[in-house]
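If you're matching positions, the sequence shown starts at 523 in this note's numbering and goes up one per residue.
The beta-carbon is built from N, C-alpha and C at its ideal position, and this holds for glycine as well.
Quantities reported herein were computed from a predicted structural model and do not represent experimental measurements.
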Amino acid sequence: MTFQMIARGIRVEMYLGICDFEYAAPQTVIVNVVAEGELPYRPKNIAECLDYSRVCAFVQAWKHRPHTELVETLLHDVVEFCFEDARVQRVAVEILKPDVIAYADAVGAGMNIDRDRYARLRAAAAT
Numbered sequence: 523m524t525f526q527m528i529a530r531g532i533r534v535e536m537y538l539g540i541c542d543f544e545y546a547a548p549q550t551v552i553v554n555v556v557a558e559g560e561l562p563y564r565p566k567n568i569a570e571c572l573d574y575s576r577v578c579a580f581v582q583a584w585k586h587r588p589h590t591e592l593v594e595t596l597l598h599d600v601v602e603f604c605f606e607d608a609r610v611q612r613v614a615v616e617i618l619k620p621d622v623i624a625y626a627d628a629v630g631a632g633m634n635i636d637r638d639r640y641a642r643l644r645a646a647a648a649t
């Protein structure tokens, strides 16, 4: 049975972006993650579940990282973190910056990928 771990609207203040003003001060970044994996029928404790608090803590730690230029870097970081749990087979993540463009609610990027495809992409990039 496939379960989804859903963590939406994770907010973190961090240095992110390529524009001059994005180097001057931290900005709000919003992260949405859905990780899918096989779990036992009616899990009995958190160890049998995909724990959304781990993903939230991972993203919150970004407030301590040095300036990151590309949202895409963070996308890969989230996907790799989620795939550390061998039960996770697919991850969908989006990273949004709500304060960058005044006439847009938010801008950003997303990725939706399964474990096998991600492993093939990483292997191809390593050669």
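Could you round the C-beta distance between Val577 and Ala608 to whole angstroms and report it? I think they count as a contact, below 8 angstroms. In fact, because the Cβ distance is near 16 angstroms, the residues do not count as touching under 8 angstroms.
Beta-carbon proximity list for Val593, same chain, < 6 angstroms, skipping 5 on both sides: Result list for Val593: Ile617, Gly630, Ala631, in chain order.
Just the Cα atoms here: how many angstroms apart are Pro565 and Cys604? Near 19 angstroms, if we compare the C-alpha coordinates of Cys604 and Pro565.
Tell me which residue opens and which closes the alpha helix (DSSP H) that Arg576 is part of. Segment 574-582, the alpha helix (DSSP H) holding Arg576.
Pick helix, strand or coil for Val622, following the three-state DSSP scheme. If DSSP states are grouped into helix, strand and coil, Val622 belongs with coil.
In chain order, what residues of the same chain lie with their CB nearer than 6 angstroms to the CB of Ala622, ignoring the 5 residues before and after it? This sequence places Val at residue 622; Ala is not what is there. Only Val629 meet the Cβ criterion.
On the criterion of 16 or more Cβ atoms from any shown chain inside 10 Å, does Val619 qualify as buried, or is it exposed? Reading off the sequence shown, one finds Lys at residue 619, where the question assumed Val. With 16 or more other Cβ atoms within 10 Å, it is buried.
Using CA coordinates, which residue listed in Gln526, Glu558, Glu591, Val551 is at the minimum distance from Gln611? Closest option to Gln611, Cα to Cα, is Glu558.
Return the chain-ordered list of same chain residues with a C-beta closer than 6 angstroms to the C-beta of Gln582, the five sequence neighbours on each side being excluded. Non-local beta-carbon contacts of Gln582 in its own chain, meaning distances under 6 angstroms to residues more than five positions away in sequence, involve Val534 in chain order.
Segments of 4+ residues assigned as alpha helix (DSSP H) that fall wholly inside the stretch 587-643: For the stretch 587-643, the continuous alpha helix (DSSP H) assignments of 4+ residues that do not extend past its boundaries occur at 593-605, in sequence order.
I'd like to check one pair, Val556 with Val600: are the Cβ atoms closer than 8 angstroms? Cβ atoms of Val600 and Val556: not closer than 8 angstroms.
Report buried or exposed for Ile540, applying the criterion of at least 16 other Cβ atoms within 10 angstroms of its Cβ. Ile540 comes out exposed.
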